[in-house]
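Read the structure below first, then the notes.
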Amino acid sequence: MRSLVGLLAVVAAASLYLYSLSLYLPAAPRRHPHSAESKHVETAESEQQRADSSGEPSGLKFPSDLEELRELSELLQFYKTEHTGYVLLLFCSAYLYKQSFAIPGSSFLNILAGAIFGPYQGLLLVSVLTTVGSTMCYLLSKAFGKRYITTLFPDKVSLLQGKIEENRDCLFFFLLFLRFFPMTPNWFLNMSAPIVNIPITFFFCSVFIGLLPYNFICVQTGVMLSEVASLDDLFCWERLLQLLAIACMALLPGALIRRLSQKRLKLDVQPQNGLITDKKVQ
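As structure tokens, then:
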């Protein structure tokens with residue numbers, strides 16, 4: 210009971226902080242744009258006017274689809290021109306909140322990072338936030354959630370524990386494989402890692418390296434979405450070749466890991482019930 214109360218207190222404090230931060234929306238930048246920027250700024254100004262008239266924050270909520278993602282991206286890009294620090298703090302806080310409490314939807318925030326911060330800063334930012342947030346989830350699970358996770362997912366924890374022990378001699382390589390090929394969901398791996406005795410250093414490094422391809426694809430998608438105005442722009446030859454190059458770059462590390470894993474790791478050929486089965490690769 211004490212662990213449950215502690216966890217609820219942490220969730221409540223983090224939720225209150227994020228809600229308070231979202232309420233503090235700085236004044237809109239006052240500038241007179243020209244040509245191509247005019248439509249973008251007019252959209253953001255109309256969004257701000259709707260917010261002022263309703264007395265609510267202008268759309269500051271987690272996006273649930275691409276349309277909401279685009280609207281939020283336009284709003285934050287507008288505010289980023291003069292309130293970069295606030296936008297960065299808000300984004301980092303929202304991202305860490307999702308990762309720390311294993312809330313689905315981080316892919317939307319990865320795409321949003323590409324749209325707001327660009328391909329290089331966006332990738333670095335989400336890679337660091339993913340790693341830090343997952344590590345916070347690890348620590349929260351270790352402090353408050355061991356008993357509850359074992360009770361809720363006894364079979365999955367047992368199967369994962371068995372595979373960890375079988376590959377203990379090359380544990381870091383095995384963790385990289387699980388990140389490249391998530392045969393168990395990342396949120397479950399984050400929460401169960403301290404239960405199956407994965408060292409936090411191995412966990413931290415495997416998250417940063419293993420999720421780089423996924424983060425790369427999401428960020429590049431956000432960059433492209435911020436640049437295109439219609440589906441015709443998205444399906445032009447230049448964009449299609451860019452998508453192909455992104456896919457090849459992202460899939461290459463996973464292909465190398467998979468080839469090496471067939472010789473070094475005790476893995477299963479087919480996933481079952483969200484985790485790997487007992488059939489070993491020879």
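Position 150, counted from 1, in the sequence shown is what our numbering calls 359; the numbers after and before it change by one each time, with no gaps. Positions of the beta carbon are idealized from the N, C-alpha and C atoms, including for glycine.
- Three or more Cβ pairs drawn from the stretch 212-223 and the stretch 296-310 lie within less than 8 Å of each other, which places the two stretches in contact.
- G327: not part of any alpha helix (DSSP H); DSSP gives it neither H nor E.
- The beta carbons of T339 and N424 sit closer together than 8 Å.
- About 11 Å separates the Cβ atoms of L278 and I325, ruling out a contact at the 8 Å cut-off.
- In this structure, the straight-line span from the alpha carbon of F397 to that of L421 is close to 19 Å.
- Taking 8 Å as the cut-off, the Cβ atoms of T393 and L369 count as close.
- Your pair Y347 and A303 does not check out as a contact, with CB atoms roughly 20 Å apart and the cut at 8 Å.
- Counting only residues of its own chain and dropping the five nearest sequence neighbours on each side, G331 has a CB closer than 6 Å to the CB of A322, G323, V428.
- Rounded to whole angstroms, the separation of the alpha carbons of S435 and V214 is 42 Å.
- When the five nearest sequence neighbours on each side are left out, the beta carbons in the same chain lying within less than 6 Å of the beta carbon of Y288 are those of V296, in order along the chain.
- Of the other Cβ atoms in all chains shown, fewer than 16 fall within 10 Å of the Cβ of R356; this residue is therefore exposed.
- Within the same chain, Cβ atoms closer than 8 Å to the Cβ of Y233 are found at Y295, the five residues on either side in sequence being excluded.
- Buried is the label assigned to S315, since at least 16 other Cβ atoms lie within 10 Å of its Cβ.
- If you ignore the 5 residues before and after F413, its C-beta comes within less than 7 Å of the C-beta of T340, T344, all in its own chain and listed in chain order.
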